[in-house]
DNA sequence: CCAGTCGCTGAAAACGTTTACAGCGATCCA
DNA sequence: TGGATCGCTGTAAACGTTTTCAGCGACTGG
């Protein structure tokens, strides 16, 4: 009953042509808004409507050489940061008439390379990739990519690929400085894996800010672990031995996990110890107390990456023309978790439910 | 440099055939593992390797009539519940060799219908849809769907579509009973929109459990709002006037928002007031104190939906054979947010808080 | 030694579009 | 009134596969 096509499948351009008594070329032309005589146009339109014709996207793709699909590959769809990126990307691509293929690589490099290679099967017109580590093999794969790629992350200079990076060095430094300004002196650091780009950068920012503030770098105040909530809890517990008065965490997941460790020991945040994270993901607002966090512009980066990609596709700028790199500026978003220790704020400060953030320098004091 | 194909594009089956000195048919056969003479096989393999041949997925789709792509459309990718579903679906479909197209409908019905219609353009082989409301138009669109669809949600009996539902009536009732058993007597309810299926069901469970426990239904203890964190905060604030000793929320987002409202007022959870949510999403674990929540089997439902869909595709069961419906059993996950209050109330002394599923006395007709 | 069989191969059609090209009648201008 | 122009139309090729079909040579069995 549903299908009124020839017999089994959907109506095709051929059915329409037959029904309207014209050639398939005319059908195609009418349906694509090219010129045609008035009554031809009308008959085609009517036939298409009656038969419920919808052009076959696959056939179109084959002819046109483009699928109008884009792929987004990120390490872990469980991390709200990537969800924010998906959102931003989605909104740009949808408007441009592209569909979005999702790929969660679970942070395994081999999977990232597979995605890169899969560009060869022409399933999607382009790729936005968030690699967790960048190996030589990645670079080689990027250079030989069979279509436009935009990387969200930091690439070695000279890599012929558009990229969008966060300035997590500056971001981390800003957070540490903020903790210092609000009176913290033993600022511990829960970092992700040291051999990842984010891990290395955040470590650099941490050390730089310590130096700037005249604080010593103390190894006992630093922990390395995988990015994740449970890992944050474990790391915080082990760091407590060193009696920190603040915990700076390399992302919000770690910070949230760390908070739980502190709270379950009866420590008060921020009265006894401050906690700050990075990414300013939805977790930062979901946490209690709400987490101070460094907004690394995830949405912004997603949006920008999508725009760069679309530009390569539609704008037609072929590979040679200068790889472009954008850096999203970090922005410290101060919330309750880092109020000064002595300021006798009651344990539960209502966090001004801020859609916009306080000024970067404002330590809320 | 990258491309060693004819001149511009990727190598095709024709290039390989020429390079190997065989016909394109032989190339296709060899590459698809059909029988061929030893040296033919070898020459084709070598040619393909040398030229870096990868079959064009679009051409394959056109010929084969299937894209090996599936679409998942849900209301809001910002809600961790749907992320959990994406995860579960992804893992099933990836293993079966399907790619996943994502679509966030932002809970607008028109968008859901558009997705349903877009099945006609043959972009994907099937669809998993999570509708927020089900209108007559939805039902009509479902019946005329141009490909297999699995709905995650409750459909009117008789709808010829596979579906996977949660038993949120029983789930809600179980949570309310749990609150009652742990000594709560003024159990407020923060519900989502009453005209959605989840909203209606949860309300039903709430009322049924109240009745069962001999508690009166008090309108002042009930709020309706959109699903969301901020909405939960607002609703909780307005409900506080009615002096509840527990807040049962229709999902974790509402519960989290509500917790924030309570904590900001200096109320202690669970000492002064208990909070429970539904979905047992990652938010429940992320919250402080960790939220008691009803696991409605999101991952399970995602997994099952994917399996049903794949079965329609590969198992070849054509539309007629009986739409199948699975119901995921709810499971109460007790966490800190609903521990008994400091001073237990007079009459009923609660037994040990049950970590397993709610009692089988099911209020559903 | 011949007919039949078998394994392998290539030509060609097909999937559903878009588009280059040529043909056609009507219109225009000289 | 005749040739050129114009607007519209249809035929056919092309996109890159898979698959049917028939052909071909080499076996096998009688």
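Residue numbers (this note's numbering), protein chains in the order written: chain A, 95 to 459; chain B, 95 to 459.
Every residue gets a Cβ at the ideal spot worked out from N, C-alpha and C, and that includes glycine.
As the structure is a prediction and not an experimental result, all values here were calculated from the model.
Among the candidates the options, whose CA atom is the shortest distance from the CA of residue i?
i                      : options                    : result
residue 157 of chain A : B:163, B:416, B:162, B:150 : B:150
residue 144 of chain B : B:131, B:123, B:110, B:307 : B:110
residue 108 of chain B : B:138, B:127, B:126, B:131 : B:138
residue 193 of chain A : A:199, A:200, A:183, A:310 : A:183
residue 212 of chain B : B:240, B:189, B:224        : B:240
residue 255 of chain A : A:271, A:275, A:269, A:232 : A:232
residue 313 of chain B : B:300, B:364, B:306, B:195 : B:300
residue 223 of chain A : A:377, A:420, A:105, A:246 : A:246
residue 123 of chain A : A:319, A:283, A:135, A:105 : A:135
residue 187 of chain A : A:408, A:266, A:416        : A:408
residue 317 of chain A : A:281, A:169, A:377        : A:281
residue 276 of chain B : B:429, B:176, B:200, B:118 : B:429
residue 214 of chain A : B:360, B:406, B:147, B:142 : B:147
residue 60 of chain B  : B:114, B:363, B:416        : The question about residue 60 of chain B has no answer here: the residues shown for chain B are numbered 95 through 459.
residue 174 of chain B : B:272, B:421, B:381, B:190 : B:381
residue 278 of chain B : B:189, B:104, B:309, B:106 : B:309
residue 176 of chain A : A:404, A:427, A:376, A:220 : A:376
residue 204 of chain A : A:230, A:112, A:404        : A:230
residue 253 of chain A : A:210, A:206, A:416        : A:416
residue 216 of chain A : B:427, B:426, B:103, B:394 : B:103
Just to confirm, are residue i and residue j a CB contact at a threshold of 8 Å?
i                      : j                      : result
residue 243 of chain A : residue 236 of chain A : yes
residue 432 of chain A : residue 368 of chain A : yes
residue 260 of chain B : residue 390 of chain B : yes
residue 379 of chain A : residue 402 of chain A : no
residue 153 of chain B : residue 392 of chain B : no
residue 270 of chain A : residue 304 of chain A : yes
residue 339 of chain B : residue 387 of chain B : no
residue 435 of chain B : residue 365 of chain B : yes
residue 344 of chain A : residue 286 of chain A : yes
residue 360 of chain A : residue 324 of chain A : no
residue 319 of chain A : residue 354 of chain A : no
residue 169 of chain A : residue 200 of chain A : yes
residue 227 of chain B : residue 289 of chain B : yes
residue 195 of chain A : residue 218 of chain A : yes
residue 336 of chain A : residue 357 of chain A : no
residue 406 of chain A : residue 171 of chain B : no
residue 258 of chain B : residue 114 of chain B : no
residue 221 of chain B : residue 209 of chain B : yes
| request: For the stretch 178-199 of chain B, enumerate the residues whose C-beta is nearer than 7 Å to any C-beta of chain A, in chain order. | output: 180, 181, 184, 193, 194, 195, 196, 198
| field | Validate contact between the stretch 396-408 of chain A and the stretch 368-377 of chain B using beta carbons, cut 8 Å, 3 pairs | value | no
| message | Ignoring anything shorter than 3 residues, give me the beta strand (DSSP E) runs that lie fully in the stretch 200-234 of chain A, in order along the chain. | response | 220-223
| request: Determine which residues of the stretch 296-323 of chain B have a Cβ less than 8 Å from any Cβ of chain A, and write them out in chain order. | output: 323
| task | At 3 residues or longer, and completely inside the stretch 222-306 of chain B: list those beta strand (DSSP E) runs for me, N to C. | result | 243-246, 256-260, 281-285
| message | Whether or not the stretch 290-300 of chain B and the stretch 327-335 of chain B are in contact is what I'm after, with contact meaning three or more pairs of Cβ atoms, one per stretch, closer than 8 Å; do they touch? | response | no
| So, do the stretch 159-166 of chain B and the stretch 124-131 of chain B have three or more beta carbon pairs nearer to each other than 8 Å? | no
| query | Of all the alpha helix (DSSP H) runs that stay within the bounds of the stretch 319-350 of chain B, which reach a length of 4 or more residues? | reply | 323-333
| the stretch 153-167 of chain A: which residues have C-beta closer than 7 Å to a C-beta of chain B, in chain order? | 153, 155, 156, 161
| task | Enumerate, from N- to C-terminal direction, the unbroken beta strand (DSSP E) stretches of 3 or more residues contained entirely within the stretch 146-190 of chain A. | result | 163-168
| said: Can you pull out the residues from the stretch 342-358 of chain A whose beta carbon lies closer than 8 Å to at least one beta carbon of chain B? | reply: 350, 353, 354, 357
| request: Mind listing, in chain order, the continuous alpha helix (DSSP H) runs of no fewer than 4 residues lying wholly within the stretch 369-407 of chain A? | output: 376-380
| task | Can you give me, in chain order, the residues of the stretch 215-234 of chain B that have a beta carbon less than 8 Å from any beta carbon in chain A? | result | 215, 216, 217
| Within 7 Å of chain A by C-beta, residues of the stretch 126-153 of chain B in sequence order | 148, 149, 150, 151, 152, 153
| For the stretch 374-406 of chain A, which residues have a beta carbon sitting closer than 9 Å to at least one beta carbon of chain B? | 376, 377, 379, 380, 381, 382, 383, 384
| In chain order, what residues of the stretch 235-253 of chain A put their CB closer than 9 Å to some CB of chain B? | 237, 238, 239, 240
| Contact set between the stretch 105-121 of chain A and chain B, restricted to residues whose Cβ is under 8 Å from the partner | none
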